[in-house]
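For reference, the structure is listed below as structure tokens.
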Amino acid sequence: MLTNIILAAPSDTRRKRKSAECHHQAVCEGCQRPISDRFLMRVNESSWHEECLQCAVCQQPLTTTCYFRDRKLYCKIDYQQ
Ligand SMILES: [Zn+2]
Ligand SMILES: [Zn+2]
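For the sequence shown, the UniProt record's numbering begins at 1 and goes up steadily by one.
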């Protein structure tokens, strides 16, 4: 399935009024660690570190579009094999 990669800012950086206790931090689908970067990458409903967003086969970085299957990301070439 071809999927667009969306560069997003973590939602908790803008509203810091009373909800500072709310640790609603995104977790990277690739490494399962929280994402504390300035930006995160959204693929479907999942969030990724920028550096974790790479093809599962050839480790090529994925930037604008990727192919998503079995919770793994692929470049076009490896997906079609
Ligand atoms: Zn990660
Ligand atoms: Zn690849």
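Idealized CB from N, CA, C, for every residue including glycine. Keep in mind it's a predicted model, so treat the numbers as computed, not measured.
Can you give me the C-alpha to C-alpha distance between F39 and A9, rounded to a whole angstrom?
Locating residue 39 in the sequence shown gives position 39, where the first residue counts as 1. Locating residue 9 in the sequence shown gives position 9, where the first residue counts as 1. Distance between the alpha carbons of F39 and A9 is about 5 Å.
Under 5 Å, CB to any heavy atom of ligand 1. Which residues pass, going along the chain?
C28, G30, C31, H49, C52
Please say whether P61 and L73 have beta carbons closer to each other than 8 Å?
Here the question's residue 73 lines up with position 73 in the sequence shown. Here the question's residue 61 lines up with position 61 in the sequence shown. Taking a C-beta distance under 8 Å as the contact criterion, L73 and P61 do not qualify as a contact pair.
Where R71 sits in the DSSP three-state scheme:
The sequence position of residue 71 within the sequence shown is 71, counting from 1. Here R71 sits in coil by DSSP.
Helix or strand or just coil, what does DSSP make of I77?
Looking up residue 77 in the sequence shown gives position 77. Helix.
Under a criterion of Cβ closer than 6 Å to any non-hydrogen atom of ligand 2, which residues qualify, in chain order?
So the residues near ligand 2 by this Cβ test are C55, V57, C58, Q60, Y74, C75, I77, D78.
Can you list, in chain order, the residues of its chain whose CB lies under 7 Å from that of E50, leaving out five sequence neighbours each side?
Counting from one through the sequence shown, the residue named residue 50 turns up at place 50. Cβ neighbours of E50 beyond the five flanking positions: D37, F39, M41.
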